[in-house]
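What follows is a single structure, written as structure tokens, with notes after it.
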Ligand SMILES: Nc1ncnc2c1ncn2[C@@H]1O[C@H](COP(=O)(O)OP(=O)(O)OP(=O)(O)O)[C@@H](O)[C@H]1O
Ligand SMILES: [Mg+2]
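Chains as they are written, first to last, in full-length UniProt numbering: chain A, 1 to 293; chain B, 1 to 179.
Spelled out as structure tokens, the structure:
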């Protein structure tokens, strides 16, 4: 027993370092992912900001025209003059278009709001706690963030079952979903379909991301979860997406499986326990108390 | 009338641009569907085509490249939400765009860019017209010269008229052969 002690603490230290390295990897992958998405998100935001901004300038012109009419109430010699002004400013058009202008602008602002709150939900890097979370909400958040990557590649189909709240670190599960969605979009050459399926059975839930992309060659199937394994060109993929997803799911006491048919498509399935088994919470606490020492 | 084509997959963008261009004296055709925009190219002559960069099915550069084949005279512009240099280089080198504008845009800048494009289009058109006219005139002059040469060959001296100090025509039989 006693001569085993040193190796055990050595093992512990090694594990702790590995855990630390994993955490850093997670962090940097997340930053890389956010950086990669920033360009896409900028595009998503630039569109609504573009037309809302332009609409506001048009609104100013409309108001100036309308004021010309109301100001003329005092100065016009006759009702006929007023009518003439009303005609000149194309009053009927203004009236009609104002409604559209306002509702379209509101739509644009709503869009920006949604994207911003999705980004906020998404980037809670420090939030490392297991909490009850609504997976569907996480999926929607993630969809909002990756919308720009997806919408030109695929129709997204939501096949949602009834889900209970699941005990998880929501931001990390979002990250896994994002990796799967982005991979799915990358696998589709022209335009395809991505199905997100959720189910609840007993004390676990499953979440599937299925695509109609090019599939994974059988000789690659057992390598895709390896860190740095990628078939994407230099600068396109780091090969960390799935390996980190694998780690996250493992940390959640879940499972991630893949089924793929080259030329047909790929389906990733994640299984997560609805509630985390007690021991995990225990080791979490252990780590917390270990750190200050 | 000058026709402008706008292409963007987001209808709200098209609507705001249409509002912006309403006061100009242009016929504005807006398309959120690339295929419909393509079809319109076969029906109308456009002075200016302004396209979004990123669209489903075909990106703006691909569309503008196609438009350039169909209507080489139309001036091409991009209005993009991507400020990245890669898309810009592609737009310039492959689609030979006149201006690359970014979203969110400045209204004045967009109107100014389209106005310059319209001006360029009109200039090119005018240039073309003048060139045609010029060619026609040259052809006419050449035909005349040939006719004169033929006459001269048949009747030496007939194409040359000699005048005295007062400008009167000299009817001298030797005149033709003297020099
Ligand atoms: N849905 C999919 N369809 C086809 N191939 C896939 C799919 N998902 C993953 N792959 C394959 O697995 C490889 C590893 O994926 P992973 O997400 O780990 O890295 P990556 O996507 O290459 O890079 P990144 O770090 O940017 O995610 C990919 O390069 C690709 O070959
Ligand atoms: Mg990936």
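Where is the CB? At the ideal position from N, CA and C, for every residue including glycine.
Where residue i falls: helix, strand or coil (DSSP)
{"i": "residue 219/A", "result": "helix"}
{"i": "residue 165/B", "result": "coil"}
{"i": "residue 192/A", "result": "strand"}
{"i": "residue 291/A", "result": "A caution first: residue 291/A carries a pLDDT of 44, below 50, which makes its placement in the model unreliable, though a value can still be read off. Residue 291/A falls in the coil class under three-state DSSP."}
{"i": "residue 153/B", "result": "helix"}
{"i": "residue 17/B", "result": "helix"}
{"i": "residue 78/A", "result": "coil"}
{"i": "residue 137/B", "result": "helix"}
{"i": "residue 212/A", "result": "coil"}
{"i": "residue 224/A", "result": "coil"}
{"i": "residue 57/A", "result": "helix"}
{"i": "residue 159/B", "result": "coil"}
{"i": "residue 90/A", "result": "coil"}
{"i": "residue 2/B", "result": "coil"}
{"i": "residue 10/B", "result": "coil"}
{"i": "residue 170/B", "result": "coil"}
{"i": "residue 265/A", "result": "strand"}
{"i": "residue 274/A", "result": "coil"}
{"i": "residue 198/A", "result": "strand"}
{"i": "residue 313/A", "result": "Absent from the structure is residue 313/A, since the part of chain A shown begins at 1 and ends at 293."}
{"i": "residue 252/A", "result": "coil"}
Nearest-angstrom beta carbon gap, residue j and residue i [assumed within contact, 8 Å]
{"i": "residue 76/B", "j": "residue 96/B", "result": "7 Å"}
{"i": "residue 365/A", "j": "residue 244/A", "result": "This structure does not reach residue 365/A, given that chain A is present from 1 up to 293, and the question cannot be answered."}
{"i": "residue 110/A", "j": "residue 51/A", "result": "Incorrect: roughly 13 Å between the Cβ atoms, too far for contact."}
{"i": "residue 173/A", "j": "residue 143/A", "result": "In fact, because the Cβ distance is near 14 Å, the residues do not count as touching under 8 Å."}
{"i": "residue 64/B", "j": "residue 51/B", "result": "6 Å"}
{"i": "residue 81/B", "j": "residue 247/A", "result": "With a Cβ gap of about 34 Å, residue 81/B and residue 247/A do not count as contacting."}
{"i": "residue 314/A", "j": "residue 271/A", "result": "No statement about residue 314/A is possible, as the shown extent of chain A runs from 1 to 293 and does not include it."}
{"i": "residue 157/A", "j": "residue 181/A", "result": "Not really, about 12 Å apart at Cβ, beyond 8 Å."}
{"i": "residue 62/A", "j": "residue 98/A", "result": "6 Å"}
{"i": "residue 238/A", "j": "residue 187/A", "result": "Actually they do not touch by this definition, with Cβ atoms about 16 Å apart."}
{"i": "residue 151/A", "j": "residue 189/A", "result": "Their Cβ separation, rounded to whole angstroms, is 16 Å, which puts residue 151/A and residue 189/A out of contact at 8 Å."}
{"i": "residue 148/B", "j": "residue 159/B", "result": "5 Å"}
{"i": "residue 185/A", "j": "residue 154/A", "result": "6 Å"}
{"i": "residue 7/B", "j": "residue 34/B", "result": "7 Å"}
{"i": "residue 192/A", "j": "residue 211/A", "result": "6 Å"}
*Mind pulling the beta strand (DSSP E) runs of 3 or more residues that sit fully within the region 86-133 of chain B?*
99-102
_Positions along the region 91-114 of chain A whose CB lies within less than 8 Å of some CB in chain B_ = 97, 100, 101, 104, 107 and 108
*Determine which residues of the region 218-244 of chain A have a Cβ less than 7 Å from any Cβ of chain B, and write them out in chain order.*
none
_Runs of beta strand (DSSP E) lying entirely within the region 123-186 of chain A, each at least 3 residues, in chain order_ = 131-133, 154-160 and 166-168
*Please determine if the region 51-61 of chain B and the region 90-104 of chain B are in contact, where contact requires at least 3 C-beta pairs separated by less than 8 Å.*
yes
*Going along the region 46-67 of chain A in order, which residues come within less than 7 Å of chain B, judged by CB to CB distance?*
46, 47, 49, 50, 51, 53, 54, 55, 57 and 58
*asked:* For the region 258-277 of chain A against the region 197-205 of chain A, do three or more pairs of beta-carbon atoms, one drawn from each stretch, fall closer than 8 Å, so that the two count as touching?
replied: yes
*3-residue-minimum beta strand (DSSP E) runs that sit fully inside the region 12-81 of chain B, ordered along the chain*: 27-31, 48-52 and 75-80
_contact_flag[the region 17-28 of chain B, the region 111-118 of chain B] where n(CB pairs < 8 Å) is 3 or more_ = yes
*Determine which residues of the region 134-159 of chain A have a Cβ less than 9 Å from any Cβ of chain B, and write them out in chain order.*
148, 151, 152 and 153
*Residues within the region 63-81 of chain B neighbouring chain A, beta-carbon criterion of under 7 Å*: 81
_Counting only Cβ-Cβ distances shorter than 7 Å, please list the residues of the region 102-116 of chain B near chain A, keeping chain order._
103, 104, 105 and 107
*Interface positions of the region 76-87 of chain A facing chain B (Cβ-Cβ less than 9 Å), listed along the chain*: none
_Under 8 Å (Cβ pairs) to chain A, residues found in the region 9-21 of chain B_ = 10, 12, 13, 15, 16, 17, 19 and 20
*Please list the residues of the region 177-190 of chain A that have a C-beta atom closer than 7 Å to any C-beta atom in chain B, keeping them in chain order.*
none
_Interface positions of the region 190-216 of chain A facing chain B (Cβ-Cβ less than 8 Å), listed along the chain_ = 191
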